[in-house]
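Residue numbers (this note's numbering): 7 to 423.
We put the beta carbon where it would ideally sit given N, CA and C, even for glycine.
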């Protein structure tokens with residue numbers, strides 16, 4: 007972050023978001039050090055009651071590290087990791103949301119030069135999928151004396167959940183709120199009001215800006231975001247489960263070779279191929295020659311789920327009825343899944359190599375490469391070798407696809423009708 011600040015000339019809201027991100031990272035480091043000290047205190051405890059007391063302190067430090075510590079009276083809120091992520095998200099997106107002209111703003115409210123006023127983007131946190139919201143609205147006029155802009159989420163039954171006050175600087179309003187609720191599941195609309203500064207707990211309408219959360223974009227992105235049900239699991243979750251199963255059986259190959267049992271190792275190599283490829287693939291079958299095609303997987307295969315995800319993202323990205331920012335996220339998903347399919351194909355080839363191995367000595371060197379290849383799909387792939395896995399550069403993991411799905415469902419903030 008300090009390098010970004012020294013190497014790039016940032017002004018206005020970008021500089022503010024960078025400063026807030028730096029403050030959040032400093033706070034996070036403080037709580038990280040505190041958590042280490044708490045853990046050391048547990049190690050040094052003489053009694054179970056003393057250890058239990060220190061364990062509670064450790065849990066509190068970890069909670070503060072992930073989200074933020076409880077606010078103190080008359081003190082500014084401290085942000086940590088969750089805030090850091092959202093400030094970086096805002097820093098990245100500040101100039102990326104202008105789109106085709108929309109309806110005119112209410113009287114006295116300026117519209118963005120590009121038309122769209124801003125966005126509401128969701129991300130997951132340790133408590134909930136889509137539990138955090140980042141709001142950015144451009145060209146806000148300064149509120150009247152004694153008034154502030156406040157954001158609310160509206161449920162289907164009309165009940166309202168207060169998110170807090172938007173910070174406005176140079177006409178740009180931003181707000182980050184982390185909750186323990188699945189916000190996209192529980193709420194259907196974002197509302198922004200201008201009302202007396204001491205009234206933030208009470209909605210005083212009318213809303214000046216809105217964003218529809220239960221949008222066509224969310225409907226299409228839902229299979230990437232949510233777990234689904236027993237009959238129809240979400241695509242991302244199902245792919246993650248099948249990949250974890252393949253990783254397990256790659257470990258079983260290693261166990262078989264360590265035990266000197268090539269036949270057992272090759273049986274699990276067959277399982278890896280069939281789990282990854284799926285029953286519709288030409289690679290699927292009785293690969294170890296025992297007369298039975300064995301598949302501990304669900305038959306769709308990791309490759310099958312990735313193909314479905316890629317097709318969904320490609321269709322979304324090509325549909326010009328969706329906002330450009332949402333389509334950009336879909337394009338990133340499309341490219342990421344294409345990279346993952348390359349790794350899955352490589353893993354299948356490695357498992358097939360183990361199946362063709364004449365002896366344990368020939369199979370042994372391949373197992374670690376197989377496990378490493380599967381790890382690239384599970385954890386992401388540093389394609390440019392810079393030491394950082396960047397989901398925006400097609401390097402992400404299956405879990406990152408879920409967050410990119412949330413970006414596909416980003417809601418456009420528009421003037422209230």
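Quick one: what does DSSP say residue i is sitting in, helix, strand or coil?
i	result
residue 298	coil
residue 403	coil
residue 142	strand
residue 114	The predicted position of residue 114 is uncertain, since its pLDDT is 36 and thus under 50; no value can be drawn from it.
residue 418	strand
residue 177	coil
residue 86	coil
residue 160	strand
residue 137	strand
residue 211	coil
residue 310	helix
residue 11	helix
residue 498	Since the first residue of the chain shown is 7 and the last is 423, residue 498 is not available in this structure.
residue 107	With a pLDDT of 30 at residue 107, under the threshold of 50, the modelled position of this residue cannot be trusted, and the question is left open.
Looking at residue i: is its Cβ nearer than 8 Å to the Cβ of residue j?
i	j	result
residue 154	residue 171	yes
residue 263	residue 139	no
residue 248	residue 360	no
residue 281	residue 296	no
residue 422	residue 251	no
residue 146	residue 159	no
residue 344	residue 379	no
residue 276	residue 293	yes
residue 342	residue 323	no
residue 233	residue 419	no
residue 318	residue 397	no
residue 387	residue 409	no
residue 209	residue 166	yes
residue 162	residue 231	no
residue 41	residue 64	yes
residue 37	residue 67	yes
residue 57	residue 72	no
residue 346	residue 312	yes
residue 156	residue 187	no
residue 90	residue 9	no
residue 123	residue 180	no
Quick check: what's the CA-CA separation for residue i versus residue j?
i	j	result
residue 333	residue 339	10 Å
residue 183	residue 331	21 Å
residue 52	residue 61	13 Å
residue 242	residue 96	25 Å
residue 314	residue 306	10 Å
residue 240	residue 246	10 Å
residue 372	residue 279	14 Å
residue 364	residue 404	34 Å
residue 269	residue 299	15 Å
residue 48	residue 59	9 Å
residue 424	residue 265	Nothing about residue 424 can be reported from this structure: the residues present for the chain run from 7 to 423 only.
residue 29	residue 85	8 Å
residue 356	residue 375	8 Å
residue 185	residue 288	46 Å
residue 218	residue 415	10 Å
residue 21	residue 309	43 Å
residue 257	residue 274	9 Å
residue 15	residue 43	38 Å
residue 226	residue 406	17 Å
residue 349	residue 144	41 Å
residue 285	residue 291	8 Å
residue 327	residue 203	38 Å
residue 205	residue 148	17 Å
For residue i, report the span of its beta strand (DSSP E) as first-last.
i	result
residue 170	166-171
residue 131	124-131
residue 185	Here residue 185 belongs to no beta strand (DSSP E), and DSSP marks it neither H nor E.
residue 344	No beta strand (DSSP E) holds residue 344; the alpha helix (DSSP H) holding it covers 330-362.
residue 271	Taken as a continuous stretch (DSSP letters only), residue 271 belongs to no beta strand (DSSP E), being part of the alpha helix (DSSP H) at 268-283.
residue 216	215-218
Looking at the unbroken alpha helix (DSSP H) that takes in residue i, where does it start and where does it end?
i	result
residue 201	Segment 195-202 is the beta strand (DSSP E) holding residue 201; no alpha helix (DSSP H) there.
residue 257	241-264
residue 326	Residue 326 -> no alpha helix (DSSP H), and no H or E assigned at all.
residue 383	366-385
residue 60	54-72
residue 223	222-231
With 8 Å set as the bound, which would you pick, yes or no: does the beta-carbon of residue i sit closer than that to a beta-carbon of chain C?
i	result
residue 137	Absence of chain C from the displayed structure is noted, only one protein chain being present.
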